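Everything on this sheet refers to the single structure shown next.
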Amino acid sequence: MVIPDEKKARGSAIRVLPFGAAALLAEVDTLPQVLDLHAALAASRPAGVVDLVPAARTVLVRIDPQRLTLAAARTWITEAETDAAPIRLDSAPVIELQVAYDGPDLAGTASALGVSVDALVSAHQAAHWVVAFTGFAPGFGYLVSDEWHFDVPRLDSPRTRVPPGAVGLAGDFTGAYPRATPGGWRLIGTTEAVLFNPDAASPVLLTPGSRVRFVAAGPTREAVIAAPPALPERPNVPAAFTIAAPGWQSTVQDRGRPGAASLGIAPSGALDRGALAVANRLVGNSEDAAAIEVTGGGFRAVAERDLWIALAGARGVARVGALALDALAATLWPEGEELEISAFEHGIRAYLAVRGGVAGPISAGSRSSDVLAGLGRAAYASGDGVALANDVVGPVPPLDIAPWTAPTDDVIELGAEAGPRGEWFAASAHEALFEALWTISADANRVGVRLEGPVLERTRPGELPSEGMIPGAIQVPPSGQPTILLADGPVTGGYPVIAVVSDASLDALAQARPGMRVRFRHGI
755 MVIPDEKKAR
765 GSAIRVLPFG
775 AAALLAEVDT
785 LPQVLDLHAA
795 LAASRPAGVV
805 DLVPAARTVL
815 VRIDPQRLTL
825 AAARTWITEA
835 ETDAAPIRLD
845 SAPVIELQVA
855 YDGPDLAGTA
865 SALGVSVDAL
875 VSAHQAAHWV
885 VAFTGFAPGF
895 GYLVSDEWHF
905 DVPRLDSPRT
915 RVPPGAVGLA
925 GDFTGAYPRA
935 TPGGWRLIGT
945 TEAVLFNPDA
955 ASPVLLTPGS
965 RVRFVAAGPT
975 REAVIAAPPA
985 LPERPNVPAA
995 FTIAAPGWQS
1005 TVQDRGRPGA
1015 ASLGIAPSGA
1025 LDRGALAVAN
1035 RLVGNSEDAA
1045 AIEVTGGGFR
1055 AVAERDLWIA
1065 LAGARGVARV
1075 GALALDALAA
1085 TLWPEGEELE
1095 ISAFEHGIRA
1105 YLAVRGGVAG
1115 PISAGSRSSD
1125 VLAGLGRAAY
1135 ASGDGVALAN
1145 DVVGPVPPLD
1155 IAPWTAPTDD
1165 VIELGAEAGP
1175 RGEWFAASAH
1185 EALFEALWTI
1195 SADANRVGVR
1205 LEGPVLERTR
1215 PGELPSEGMI
1225 PGAIQVPPSG
1235 QPTILLADGP
1245 VTGGYPVIAV
1255 VSDASLDALA
1265 QARPGMRVRF
1275 RHGI
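Numbering (my numbering), first residue to last: 755 to 1278.
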């Protein structure tokens, strides 16, 4: 199968748009051109490219600026248009998904399209489908076919829960839900194939570029793809300490899952990466060892054996028994004693590092919890035991090796770079973004931070086709009130991005409490 409109895709101009200091957005005119461009870039990918994220009209290119400059990346993208050979998908293996065509919307969808149920099912099975991109949820693929000629409207009112394995239609796409989520697609059937298994070496079944055929399931509706065996991490390891109270939210975090956005997987990881590294260094761990990200304070736990611990990030009163913890120093936590971290006075997130590192299931290459996507272990609850890994790289240092200042309660200045959709906004919006004093709203979590301030006026109505997103992207919905995406944010989105918070400023943003003020500065 040749990608539709191949010649047109090859002849179209690629528009390369800025996306902060470590990404570019390559835009073309049609989805077939996206497939063409993504395949060309994937085939010639240089060192330093962290992620390639195809979407409806764009390919997001994330880079490591230490290994590849933006200028070099821009040249590589534009030359991919003429240097690569035409892309064919005939050689890709075909994944067959067995489907029981029993969806609640099947009959109504067929009627709305003016065809019989049998005709709609036959067309769905006869088409040769290709995964154009993933998004919305880990492993959720958007499939297209040049043999599919229906445009299916989404539901007027999305369902609050779509069951895992549901096969749906929306627009000119088809797809299958890997796990239970809300959704507005019209459901025509069910598959028992395992679409996403975070414990597998290759967690996503339907990756961009995969060819797919849908076939009618037999009477038993057995899964076509058996679930890969789970990869348990050190089973039956005794708990090193037990959670007595988790506070507002306490999760396992390491450096996260960079490079998996094309599979619909957010980077996750510690929001204040510097604080995580400091806490780990203080107890002799590797800097990216997993620790507990304590949000807001109110955390209590009891040691089941003697442990060395350190706390970095947000500041407040912390005690082991009657002994106050020294800030930024390793502390012995004796067996049977209670560690108490009270409500934070400065900042909002602290990192509790334990010598050896916190253990937990490794999902898609990381122990980090992504509660929204269901990756990693769930947020801690009272009574949970915490085991240790083996991420020690050296002794506990005898001196304070990491001077660190407490998070500020003053106005936080955030560096910002140009975003890809600046032309969607009036000149007054760009001025207001950098001149206004913004307030952190109560709607702030690991997914993103909503700001309160002046309305950023658009010059273009409507929404964008979905395109790749990164942590730090400043999205502006129709309300005009911007939201800054964080590590658990969506990997694709349809709100225009006016600017991008610089990577160096994200740690400071991670410590911003609701009600605090922030100001944007150009490129700091």
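Just so it is clear, CB atoms sit at the ideal spot from N, CA and C, and this is done for glycine as well. All of these numbers come straight from a predicted model, not from anything done at the bench.
With distances taken Cα to Cα, identify the nearest neighbour of residue i among the options.
i            : options                : result
residue 1127 : 1196, 1244, 1024, 1139 : 1244
residue 1003 : 1104, 855, 949, 955    : 1104
residue 1135 : 956, 806, 997          : 997
residue 804  : 823, 812, 786          : 823
residue 932  : 949, 1171, 925         : 949
residue 1133 : 1122, 1251, 776, 1020  : 1122
residue 806  : 963, 1180, 1197        : 963
residue 1119 : 1080, 1022, 1029       : 1022
residue 1275 : 1166, 1069, 955, 872   : 1166
residue 1277 : 767, 776, 946, 769     : 776
residue 1053 : 1074, 819, 904         : 1074
residue 1090 : 1061, 1114, 957        : 1061
residue 1115 : 954, 1201, 911         : 954
residue 1235 : 770, 1270, 1192, 862   : 1192
residue 1195 : 1217, 1263, 1252, 1174 : 1263
residue 1063 : 1082, 1076, 1071       : 1082
residue 882  : 911, 850, 856, 1146    : 850
residue 1145 : 1035, 852, 1210        : 1035
residue 1086 : 1059, 1070, 1142, 1097 : 1059
residue 809  : 865, 800, 894          : 894
residue 1213 : 1040, 1232, 956        : 1232
residue 848  : 884, 876, 864          : 884
residue 1211 : 912, 1175, 1239, 1163  : 1175
Who does residue i pair with in a DSSP beta bridge?
i            : result
residue 1105 : 1047, 1066
residue 1124 : 1129
residue 931  : Paired residue(s): none; residue 931 is not in a bridge.
residue 1198 : 1203
residue 1005 : 1047
residue 903  : In DSSP, residue 903 forms no bridge with anything.
residue 805  : 816
residue 1034 : Residue 1034 pairs with nothing; no bridge assigned.
residue 875  : In DSSP, residue 875 forms no bridge with anything.
residue 1168 : 1274
residue 1117 : 1120
residue 852  : 969
residue 1296 : It is not possible to answer for residue 1296, since the shown part of the chain is limited to 755 through 1278.
What separation, rounded to the nearest whole angstrom, lies between the Cα atoms of residue i and residue j?
i            : j            : result
residue 1230 : residue 1078 : 44 Å
residue 961  : residue 1249 : 24 Å
residue 1206 : residue 1228 : 13 Å
residue 975  : residue 1112 : Interpretation of residue 975 is limited by its pLDDT of 41, a score under 50 that renders its predicted location unreliable; no figure is taken from the coordinates.
residue 1117 : residue 830  : 32 Å
residue 836  : residue 783  : Annotation note: pLDDT 42 at residue 836 (below 50); position unreliable, coordinate value reported separately. Spanning the two alpha carbons is a distance of roughly 16 Å.
residue 1109 : residue 1130 : 21 Å
residue 1099 : residue 1068 : 8 Å
residue 1267 : residue 832  : 42 Å
residue 1025 : residue 1170 : 17 Å
residue 1137 : residue 992  : 14 Å
residue 1270 : residue 1202 : 15 Å
residue 1272 : residue 1049 : 20 Å
residue 1178 : residue 1252 : 8 Å
residue 1148 : residue 1056 : 25 Å
residue 781  : residue 811  : 6 Å
residue 802  : residue 817  : 6 Å
residue 1042 : residue 951  : 24 Å
residue 983  : residue 825  : Only weak support exists for where residue 983 lies, its pLDDT of 39 falling under 50; the value from the coordinates is given anyway. Spanning the two alpha carbons is a distance of roughly 44 Å.
Is the beta carbon of residue j closer than 8 Å to that of residue i?
i            : j            : result
residue 1051 : residue 1019 : no
residue 815  : residue 827  : yes
residue 1246 : residue 1220 : yes
residue 1187 : residue 1226 : no
residue 959  : residue 927  : no
residue 1208 : residue 1190 : yes
residue 967  : residue 846  : no
residue 1265 : residue 1151 : no
residue 860  : residue 867  : no
residue 771  : residue 779  : yes
residue 944  : residue 1037 : no
residue 912  : residue 936  : yes
residue 908  : residue 934  : no
Does the beta carbon of residue i fall short of 7 Å from some heavy atom of the ligand NAD?
i           : result
residue 877 : Annotation note on the ligand NAD: not contained in the displayed structure, which lists no ligands.
- Query: How do the region 1006-1019 and the region 885-896 stand: do at least 3 beta-carbon pairs fall below 8 Å, yes or no?
  - Reply: yes
- Assess, as a yes-or-no matter, whether the region 1177-1193 is touched by the region 785-792 under the definition of 3 or more beta carbon pairs within less than 8 Å. Using a C-beta cut-off of 8 Å, the region 785-792 makes no contact with the region 1177-1193, since fewer than three inter-stretch Cβ pairs fall below that distance.
- Query: Between the region 908-922 and the region 1007-1014, do three or more beta carbon pairs fall short of 8 Å?
  - Reply: The region 908-922, when compared against the region 1007-1014, does not touch it at the 8 Å Cβ threshold.
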